[in-house]
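J.: Residue numbers are given in UniProt numbering: position 14 of the sequence shown equals residue 14, and the series is strictly consecutive.
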Amino acid sequence: MEKILLYGFENYEKKDDLYSILKENNINLVEAGKDELCQNIGYILGLDGFEKNENEEEKDFNSKTNFMMFCDFTEKRLYEIIGDLKEKDIYIPHKAVLTETNKNWTLFYMINHIEEEHRLVMKYQNLCKCIKKAQEIKNPKLNVYIEEAEKLRVDKNLTEEKLDEMLEKFMKLF
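#1: Kindly list the residues whose CB is nearer than 6 Å to the CB of F170, restricted to its own chain and excluding five residues on each side of it in sequence; keep chain order.
#2: Check N40 in the structure and name its three-state DSSP category.
#3: Tell me, which residues are paired with N112 by DSSP?
#4: Based on the DSSP output, what are the partners of C71 in its beta bridges?
#5: Go through the segment 77-145 residue by residue and report every complete run of the beta strand (DSSP E) that reaches 3 residues or more, in order.
#6: Here's the rule: buried if 16 or more other CB atoms are within 10 angstroms of the residue's CB, otherwise exposed. What is L29?
#7: Run the CB neighbour count on E36, radius 10 Å, all protein chains shown included, and call it buried at 16 or more, exposed below.
#8: Who does N28 pair with in a DSSP beta bridge?
#9: Report the option in E54, D164, F9 whose CA atom is closest to the CA atom of T106.
#10: Contact check, L127 vs L98 under 8 Å by CB: the rounded distance?
#11: So what's L45 in DSSP terms, helix, strand or just coil?
#12: Which term fits F108, buried or exposed, when burial requires 16 or more other beta carbons within 10 angstroms of its beta carbon?
#13: Quick check: the Cα distance between N41 and I4, rounded to an integer number of angstroms?
#14: Between the beta-carbon of H94 and the beta-carbon of T74, is there less than 8 Å?
#15: Report the CB separation of K123 from L78 in whole angstroms; it is logged as a contact under 8 Å.
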């Protein structure tokens with residue numbers, strides 16, 4: 001049964017459009033609030049084998065993130081729904097698909113993980129833009145920076161710190 005878990009949509013400006021799409025597509029909606037932050041994703045989604053977690057450490061979480069998780073979607077169906085969202089100009093950057101691993105995570109951990117991943121992806125995209133801009137300038141003095149940045153793009157141990165350092169170098173050049 002297809003389900004979508006939502007967190008942080010209380011004041012979302014396109015909430016009615018979002019809910020309409022979910023209803024039109026017969027998708028079960030599970031809304032989570034601050035009280036569910038310390039619960040496992042599996043428990044929130046009502047999956048077998050999960051019990052309520054009495055730990056309430058994450059109650060002071062103040063993220064403004066809108067988070068959406070897809071559960072039991074085929075790849076084709078997932079892309080259909082994402083396409084429907086795009087048609088209505090609904091952009092939700094913090095999305096995930098339920099996996100065997102993340103169903104055991106707390107909602108708090110999942111949201112933090114997705115926020116960090118999104119931040120890194122955005123920095124990586126900025127790095128790619130900087131490389132392109134430097135290549136377009138065609139200044140031989142920039143080749144050292146371009147080569148260094150190109151190495152980072154394929155670095156399997158790429159860290160946020162390395163990205164930040166390289167982006168800072170480019171910002172000083174432009």
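Ideal Cβ placement from N, Cα and C applies to all residues, glycine included.
T.: Taking the geometry as given:
#1: As a first step, residue 170 is located in the sequence shown; it is residue number 170 there, counting from the start. Closer than 6 Å at Cβ, skipping near neighbours: C130.
#2: In the sequence shown, the residue the question calls residue 40 occupies position 40. In this structure, N40 counts as strand in the three-state DSSP scheme.
#3: The residue you call residue 112 lines up with position 112 of the sequence shown. For N112, which the question treats as bridged, DSSP gives no partner whatsoever.
#4: Counting from one through the sequence shown, the residue named residue 71 turns up at place 71. Note: C71 sits in a beta bridge opposite K3.
#5: The segment 77-145 contains these whole beta strand (DSSP E) runs: 94-97.
#6: Against the sequence shown, residue 29 aligns to sequence position 29. With fewer than 16 other Cβ atoms within 10 Å, it is exposed.
#7: As a first step, residue 36 must be located in the sequence shown, where it is residue number 36. Label assigned to E36: buried.
#8: Counting from one through the sequence shown, the residue named residue 28 turns up at place 28. Answer is K3.
#9: Residue numbering aside, residue 106 sits at position 106 when the sequence shown is read from its first letter. That would be E54, whose Cα lies nearest to the Cα of T106.
#10: As a first step, residue 127 is located in the sequence shown; it is residue number 127 there, counting from the start. As a first step, residue 98 is located in the sequence shown; it is residue number 98 there, counting from the start. About 30 Å separates the two Cβ atoms, so there is no contact after all.
#11: The residue you call residue 45 lines up with position 45 of the sequence shown. If DSSP states are grouped into helix, strand and coil, L45 belongs with coil.
#12: In the sequence shown, counting from the first residue as 1, residue 108 sits at position 108. Its Cβ being crowded by 16 or more others within 10 Å, F108 is buried.
#13: By 1-based counting over the sequence shown, the position of residue 41 is 41. By 1-based counting over the sequence shown, the position of residue 4 is 4. Checking the sequence, you will find Ile at residue 41 rather than Asn. About 11 Å.
#14: Position 94 of the sequence shown holds residue 94. Position 74 of the sequence shown holds residue 74. Result no, Cβ atoms of H94 and T74 do not sit closer than 8 Å.
#15: Numbered from its first residue, the sequence shown carries residue 123 at position 123. Numbered from its first residue, the sequence shown carries residue 78 at position 78. So it is not a contact: roughly 26 Å between Cβ atoms.
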